[in-house]
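Those sequence lines, one after another, are chains A and B. Quick note on numbering: the first sequence equals residues 3 to 439 in the numbering used here. Quick note on numbering: the second sequence equals residues 26 to 489 in the numbering used here.
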Amino acid sequence: MNYDKLFDLAKQKGIEDLQVYYSSGTDFDVEVFKGNLEKYTIADTARLSVKGIYNGKMGKVSTEVINEEVFEFLVDSVIQSAKAIDSEDEVFIYEGDKEYKKLDYLHNNSLDEVSAADKIADVHKLEELVLAQDKRITMVQAFYGDNASKVLIKNSKGLDLAKEVNGAMLGAFIIASDGKDQRTTYEYKLTNDYHDFDLEQMAKEGAERVLSQLGSEPVESGKYEILLKNNASCSLLAPHISMFSAESVQKDVSLLKGKVGQTIGSDLITLVDDPFMPKSQRSGAFDDEGVATQHKELISAGTLTGFMHNLKTAKKDNVKSTGNGFNRGITPTNLYFENGDTAYEDAVKSMKKGLIITSLDGTHAGTSAISGDFSLQASGFLVENGEIVKPVALITVAGNYLTLLKDVTAVCDDLKFNYSFVGSPSLLIKSLQVSGI
Amino acid sequence: MLDKQLIKKVLDKALATAGDFAEVFIEDKFQTDAAMLSSKVESVNNTKTFGVGIRIGQGYHRVYGYTNRSDEASLLQLAEDLSASFPGDPVGIAFELGEPVVGTEHQAKIDPATVPIEDKVALLYRADKAARAYTEEINQVNVRYQDYTQHVWIANSEGTYVKDTRTRTRLAIGAVAANEETKQTGFYGPGGAYGFEFYSDIINVEEAAQEAARIAKTMLYADECPSGKMPVVIDNGFGGVIFHEAVGHSLEATSVARGASVFTGRKGEVIANPLVSAVDDGTIPHAWGSANFDDEGNPQAKRQLIKDGVLTSYMIDKLNAKRMNDSCTNSGRRESYRYAPTSRMTNTFIENGESTFEEIIAATEYGLYAKKMGGGSVNPATGDFNFSVNEGYMIRDGKIAEPVRGASLVGTGSQALLKVDMVGNNLAREQGMCGSVSGSIPADVGQPTIRVSEITVGGRGGKQ
């Protein structure tokens, strides 16, 4: 595609600067159920997003019809969109940084080298392995998906960046039943190195997890000490990430406004955004605005050190963009709480009477990044005198996220990432309100 | 657009191996989004979507592929790649495509594409102003406008060839009320299968904005909700989200056919209190989840899911009908060409009963009145659900008492259905986006006011 033609047309029509973001990619998805290939999807897609500055405002448009015939429509849409905007925020098309980190590991050839047939065979094998673990496993739905994408950012200021990323996920949705109670779990692994998939280990861990939950019932309502398991902590961190966005702060919808340099959590807590993490599709040397990304701590030993910025919010605060300007807003790359030094087993042993929360549901509705209040359906285990007593389900845990961060009494060393690359080790928490029977 | 000859060629290519079913889904969509925050228009974005999905079946199996390309060579290549999944000789299916049957209901009076962007943006200003004027405690308002016109063409090897145009629009208002102690939010987001006439003929923009502001303000002065088991009165309209999530999804063939639903094999059985009847109706004129055809090219329909407490129908797409040996209820839906269709809800709600709202409250000595529900989720295998209450009040001595916040309702769909012991006569529907395996689709939830004799309520206010 000759983007210079597009840049010329934009100039002619009075657009100061124009930027294109072109992404194209392929997808492959399969699912196996009862020995049958239940889902098989292949795709090949591309999208062109264009933004441009017209009279000081940023107009935007995107299209999946990509040819030179739509250039006129794109430029007109940018102008139309810019004309309607009255936000006075200064907007930018970036000329680029001097240097970008070279990340040659974002695309791993192993995903291309393994044939579709071999990938499908592994999904079948995972289903068989999980089913073979125990008679009480009544249903397994195993899946595999991978995708590869190419991103191109070019603008009229001469910026010209490209990256190639791929990634894959293998996993299974597992249902177990003992005739009375039925429980489910997801077991999955994300990577871009096909050799990382260990089918036997996944089958074993997934089965163990779901079986241990059979016979779950609510506990009595009250305050409990809580051991928030790594993946449950990821689920709870995710909906609160916007608190760390400078945009939320500037729009006065972040509870962390004005708290830089202050203690907002236990000194055991350090929160990191790492754009260079291997095997993650979120990693990259530049954000969607073309700004070089950087490794940074948002919370250092309990102290809030700063916020995530894009070009616009950085200008407002008179700082540099942190390279978190993505198309869907200011978001982290790979965000996680650093490991602590408590072994998970020791954290369990330390509890006199408490709950291990292994999963939280409904986080998109039961949380509020604006108030920090949450009330969520939970399941896990009751612990008494350091021993797991019984599985627990159909309870809710309620609290406030900032209070929770302050109430962390131990951080385990079992950091785990969820499928959107939000990570956490298990956290021991003074108490949360639990509602059961 | 793809002409009929090319569609036929692609279908024939798809059946060149041992497949016994082929389908082409073509989507051409134009969408406009606009957003306001802090009383300023922050963004306006046009999006042109175009893609083709090809599906080939053999027995109970389906393969799916999609692309943005529309040239003959690319589409034939995709059909060929997919057909390789079913090696063997062609079954020899003969079919012809006539002229497409064009859907005529739910059409827009004012095509949004013809409305200048200034007129759309004007709605944002009106909503923002009305929400802020409601009370001085409102310190932030965000308003989002969306419209789209989605043209779809669906053709298959059974000779189906239809064209449908779905025009939808929605205005979503979020208000934040703040005082020294806390910030609370309120949300209201009316929408429908309408063109721009929605804002002149159907809704009052100012009233919608005031509703969001009212909820935020009410919650600002609310106490923390107590926790424990108690009777819960769930109000009409968005209260139906619990039925949608905890029962509706479990009645979709997607989970029923696999035995992954608590309702598998229970047609004809009593699954709810006899006061409860419920439908999924994709034919309601201009409703948010309505269309002329489902996304498999079948006419949309009304399904009686539950009649007087008895399970009477599931929601079933073509493929699952085969698997379940049941009839297809024309329930195949998908977000876009990027998804293969599967059984989904349209406008799903509990039907009217006989009690009045006042009778239901008066009959409740102590409990929670959940006036506005937030979102929630459910595990379709267990039916365990979890919902937040956006606006709640305690009921004491048969009267609505103090507002409470931070409440969530937890339970199991199948049990809650049996525990519904009063059903009101004030059915209302509200709009939501429903996410599932075939993407995020517009769906109405709804119900009259109902009472559930006992639900676990989670809150931070301790036991009472």
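Cβ coordinates follow ideal geometry from the N, Cα and C atoms, glycine included. Since the structure is predicted, the reported quantities are computational estimates derived from the model, not experimental observations.
Taking C-beta atoms as the reference points, isoleucine 358 of chain A and glycine 342 of chain A fail to come closer than 8 Å. DSSP places serine 302 of chain A in the strand class (E or B) of the three-state scheme.
By the criterion of at least three beta-carbon pairs nearer than 8 Å, the stretch 377-391 of chain B is in contact with the stretch 416-432 of chain B. Under a criterion of Cβ atoms nearer than 9 Å, the residues of chain A adjacent to isoleucine 142 of chain B are, in order, Gln82, Ser83, Lys85 and Ala86. The continuous stretches of alpha helix (DSSP H) do not include threonine 307 of chain A, and DSSP gives it neither H nor E.
Membership of glutamine 379 of chain A in the beta strand (DSSP E) is indicated by the continuous run 375-386.
Taking 8 Å as the CB threshold, phenylalanine 263 of chain B stays off the interface with chain A.
Of the residues B/Ile79, B/Asp189, B/Arg363 and B/Asp342, the one whose Cα lies closest to the Cα of asparagine 355 of chain B is B/Asp342.
Cβ atoms of lysine 231 of chain A and serine 428 of chain A come within 8 Å of each other, at about 5 Å.
By the neighbour-count definition (other C-beta atoms within 10 Å, threshold 16), proline 299 of chain B is an exposed residue.
Setting aside the 5 residues that flank it on each side, serine 380 of chain B is surrounded in the same chain by Met447, Val448, Gly449 and Asn450, each with a C-beta closer than 7 Å to its C-beta; the list follows chain order. Chain-ordered, the chain B residues with CB closer than 9 Å to the CB of methionine 141 of chain A read Arg283, Gly284, Ala285 and Ala406.
Cβ neighbours of cysteine 459 of chain B within its own chain (closer than 6 Å, five residues either side excluded): Ile466 and Ala468.
In its chain, beyond the 5 residues on either side, Ala48 and Lys152 have a beta carbon closer than 6 Å to the beta carbon of serine 26 of chain A.
For lysine 408 of chain A, none of the residues of chain B pass the 9 Å Cβ criterion, the least Cβ distance being about 16 Å.
Along the stretch 234-257 of chain A, the positions whose C-beta sits under 7 Å from a C-beta of chain B are Lys253, Asp254 and Val255, read in chain order.
Residue contact check for phenylalanine 73 of chain A against chain B: no CB pair falls below 8 Å. For isoleucine 81 of chain A, there is no enclosing beta strand (DSSP E); the enclosing alpha helix (DSSP H) covers residues 73-86.
Excluding sequence positions up to five before and after leucine 154 of chain A, its CB lies within less than 6 Å of the CB of Tyr24 and Ala164, all in the same chain and listed in chain order. At a cut-off of 8 Å between beta-carbon atoms, threonine 190 of chain B makes no contact with chain A. Going by DSSP, valine 34 of chain A is part of the beta strand (DSSP E) stretching over 19-35. Contact check between the stretch 209-229 of chain B and the stretch 134-153 of chain B: three or more CB pairs, one atom from each, fall below 8 Å, which counts as touching.
Here leucine 417 of chain A carries a coil assignment [DSSP, helix/strand/coil]. Taking C-beta atoms under 8 Å as the contact rule, glycine 325 of chain A and valine 293 of chain A qualify, at a distance of about 5 Å. Remark: C-beta atoms of glutamate 270 of chain B and glycine 401 of chain B approach each other more closely than 8 Å.
The residues Leu257, Ile266 and Gly374, in chain order, have a CB closer than 7 Å to that of leucine 404 of chain A in the same chain once the five nearest residues on each side in sequence are set aside. Interface annotation for the stretch 75-94 of chain B against chain A: Phe75, Gly76, Tyr85, His86, Arg87, Val88, Tyr89, Gly90, Tyr91, Thr92, Asn93 and Arg94, criterion Cβ-Cβ distance under 8 Å. Counting of Cβ neighbours within 10 angstroms places isoleucine 480 of chain B among the buried residues, the total reaching 16 or more.
In the DSSP annotation of this structure, the continuous segment of the alpha helix (DSSP H) that includes phenylalanine 9 of chain A starts and ends at 5-14.
Listed along chain B are Gly90, Tyr91, Thr92, Asn93, Arg94, Ser99 and Leu103, each with a C-beta nearer than 9 Å to that of aspartate 46 of chain A.
Per the C-alpha coordinates, the member of B/Ser95, B/Leu107, B/Leu27 and B/Val482 positioned closest to lysine 38 of chain B is B/Leu107.
Under the 8 Å Cβ criterion, the stretch 97-112 of chain B counts as touching the stretch 38-50 of chain B, having at least three qualifying pairs. Within the stretch 21-47 of chain A, contact with chain B at the beta-carbon level (separation under 7 Å) is assigned to Phe35, Asn38, Leu39, Tyr42, Thr43, Ile44, Ala45, Asp46 and Thr47. CA-to-CA, the gap between valine 445 of chain B and alanine 297 of chain B works out to about 8 Å. Sixteen is the threshold: when 16 or more other Cβ atoms of the shown chains lie within 10 Å of the Cβ of aspartate 124 of chain A, as they do, the residue is buried.
Between glycine 98 of chain A and leucine 201 of chain A, the C-beta gap is not smaller than 8 Å, which leaves the two residues out of contact.
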